[in-house]
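Residue numbers (this note's numbering): 138 to 311.
Where a beta carbon is used, it is the ideal one built from N, C-alpha and C, also for glycine.
Quick caveat: nothing in here was measured; it's all calculated off a predicted structure.
First up is the structure itself, then whatever we jot down about it.
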């Protein structure tokens, strides 16, 4: 599901440092941790944020991410973004841009049906002019492995580990 060429949703200079470990699943985009905080502040009626590798994902949430993706979302939400627009780098300005983009839909082509747009096949990111056969990818599930325990210092308090109820899915395939 993760398409490295499409991770441009967050175009901050420090994006590679923070990495796209978060996603707004209802919008269908991968975002960095700093932008995830801004998206959370928009409210769940606009953006529903999850950790890519820490949270549990439903099939519906995975499907939303697969249908959209960052490149496709940018074509929808930035359809009327001026070519001369310079993306902000300072947090308050970034928040303003994200609010304009997703809350006010300032740059969006409102004539498009978002649900129909989501369903369209999007092969623009693939190389070559030949059609690429569609592969049905199975989700990757990692199971936790018990590691040998270190000798504990009897003076240090023991930490309790969180209980895992189900395998964790890694959407980035790491």
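For residue i, the nearest candidate out of the options (CA to CA)
{"i": "residue 214", "options": "249, 194 and 188", "result": "249"}
{"i": "residue 217", "options": "252, 227, 194 and 245", "result": "245"}
{"i": "residue 258", "options": "166, 162 and 206", "result": "206"}
Beta-carbon proximity check, residue i vs residue j, cutoff 8 angstroms
{"i": "residue 184", "j": "residue 164", "result": "yes"}
{"i": "residue 176", "j": "residue 170", "result": "no"}
{"i": "residue 253", "j": "residue 202", "result": "no"}
Three-state class that DSSP yields for residue i in the structure shown
{"i": "residue 166", "result": "strand"}
{"i": "residue 160", "result": "strand"}
{"i": "residue 181", "result": "coil"}
{"i": "residue 231", "result": "helix"}
{"i": "residue 238", "result": "helix"}
{"i": "residue 209", "result": "helix"}
{"i": "residue 187", "result": "strand"}
{"i": "residue 196", "result": "helix"}
{"i": "residue 216", "result": "coil"}
{"i": "residue 254", "result": "helix"}
{"i": "residue 201", "result": "helix"}
Residue i to residue j span [Cα, whole Å]
{"i": "residue 232", "j": "residue 178", "result": "9 angstroms"}
{"i": "residue 263", "j": "residue 208", "result": "For residue 263, the predicted structure reports a pLDDT of 40, less than 50, and the residue's modelled location is therefore unreliable. The matter cannot be settled from this model."}
{"i": "residue 158", "j": "residue 188", "result": "6 angstroms"}
{"i": "residue 223", "j": "residue 193", "result": "36 angstroms"}
{"i": "residue 271", "j": "residue 190", "result": "Any reading at residue 271 needs caution, since the residue's pLDDT is 49, under 50, leaving its predicted position unreliable; the model's value is listed next. When rounded, the distance between both Cα atoms is 25 angstroms."}
{"i": "residue 230", "j": "residue 251", "result": "26 angstroms"}
{"i": "residue 228", "j": "residue 197", "result": "31 angstroms"}
{"i": "residue 219", "j": "residue 195", "result": "36 angstroms"}
{"i": "residue 239", "j": "residue 225", "result": "15 angstroms"}
{"i": "residue 162", "j": "residue 235", "result": "15 angstroms"}
{"i": "residue 212", "j": "residue 237", "result": "15 angstroms"}
{"i": "residue 210", "j": "residue 221", "result": "19 angstroms"}
Anticipated Cβ contact below 8 angstroms, residue i with residue j, distance rounded
{"i": "residue 256", "j": "residue 204", "result": "7 angstroms"}
{"i": "residue 173", "j": "residue 186", "result": "5 angstroms"}
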